[in-house]
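Chemist: Residue numbers (the working numbering), protein chains in the order written: chain A, 664 to 809; chain B, 560 to 697. Virtual Cβ for every residue (Gly too), placed ideally from N, Cα, C.
In structure tokens, the structure reads:
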């Protein structure tokens, strides 16, 4: 079981920049056809300052956190995890070239099925290089303990 | 763009569905690279078998990205206020995902008209794989 003493643990604050090339690759990998996500001039024609980050891309930036030490601290074994839930609350758009700061903490840890499964809830507050609140992310990871 | 305007949306309305081609190993390899999620369970058959799975399977976030496409083909992303899902079943290789959504509630927040959408993905057998909801401004 994952020890509940880790509730409230803060992960190191980190920053990641969304690159236009990475956004186009992501759009291609999900079969995106809307030119707003593929072509910078189409994005500008639609009134965007650049290529927008598609709705789930903040998760990809969050995933690039340089150290997975927090997982080791909690005793998480990668081969035993499943993604349970994911949600985004959006406050403003983010675009290619923006540097986004992720402030993440472990919001909750609980068990189900007599301890066979542990649930780890993670929350992240995302701000841009101007300090503006971009979004809040919430992830639930399910750990198979046996 | 031929996207229908959601401004007149009412409860019960369905979004134009999004049907995807079958999931292949190439789909997963590309998505692993593009999304930054390199978890081997999605790209390495040997690793997947050691973890007790018959084969690699799709990233949950791939299906969520497909649901994102369902939303942004219907409404400008600048109108998206929230988007959340529960991953209820595994999407395996060969699964053909269809994303659907419908308006379940209409309400107002700080003078802004919004609708809540129930969204989901199903495979070709009609099995629900992801369920969730989204809130968009009209």
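Using the C-alpha atoms, what's the distance from residue 662(B) back to residue 573(B)?
Modeler: Their backbone Cα atoms lie some 6 Å apart in a straight line.
Chemist: Is the beta carbon of residue 665(A) closer than 7 Å to that of residue 783(A)?
Modeler: Taking 7 Å as the Cβ cut-off, residue 783(A) and residue 665(A) qualify as a contacting pair.
Chemist: Grab the span of the alpha helix (DSSP H) containing residue 616(B) for me, first residue to last.
Modeler: That residue, residue 616(B), is in no alpha helix (DSSP H); it is neither H nor E in DSSP.
Chemist: Would you identify the three-state DSSP class for residue 601(B), choosing helix, strand or coil?
Modeler: Helix at residue 601(B).
Chemist: Counting only C-beta atoms, is residue 644(B) closer than 7 Å to chain A at any point?
Modeler: It does: the Cβ of residue 644(B) has a partner Cβ on chain A nearer than 7 Å.
Chemist: Would you decide whether residue 691(B) is buried or exposed? Buried here means 16 or more other CB atoms lie within 10 Å of its CB.
Modeler: With 16 or more Cβ atoms within 10 Å of its Cβ, residue 691(B) is classed as buried.
Chemist: For residue 654(B) versus residue 582(B), is the C-beta spacing smaller than 7 Å?
Modeler: Result yes, Cβ atoms of residue 654(B) and residue 582(B) sit closer than 7 Å.
Chemist: Nearest chain A C-beta to residue 616(B) closer than 7 Å, yes or no?
Modeler: Closer than 7 Å: no.
Chemist: What does the alpha-carbon distance come out to for the pair residue 777(A) and residue 807(A)?
Modeler: Their Cα atoms are separated by approximately 12 Å.
Chemist: Bridge partners of residue 689(B), per DSSP?
Modeler: Bridge partners of residue 689(B): 646(B), 680(B).
Chemist: Would you list, in chain order, the members of the stretch 713-724 of chain A that have their beta-carbon closer than 7 Å to a beta-carbon of chain B?
Modeler: Those residues of the stretch 713-724 of chain A that come within reach of chain B (Cβ to Cβ, closer than 7 Å) are 715, 717, 718, 719, 722, 723.
Chemist: Apart from the five residues on each side of it in sequence, which residues of its chain come closer than 6 Å, Cβ to Cβ, to residue 626(B)?
Modeler: Taken in chain order, the residues that qualify are 658, 678.
Chemist: Between 621(B), 618(B), 669(B), 680(B), which lies nearest to residue 689(B) when the distance is taken from Cα to Cα?
Modeler: The candidate whose alpha carbon is nearest that of residue 689(B) is 680(B).
Chemist: Any idea what DSSP makes of residue 792(A), helix, strand or coil?
Modeler: In the structure shown, residue 792(A) sits in coil (DSSP, three-state: anything other than H, G, I, E or B).
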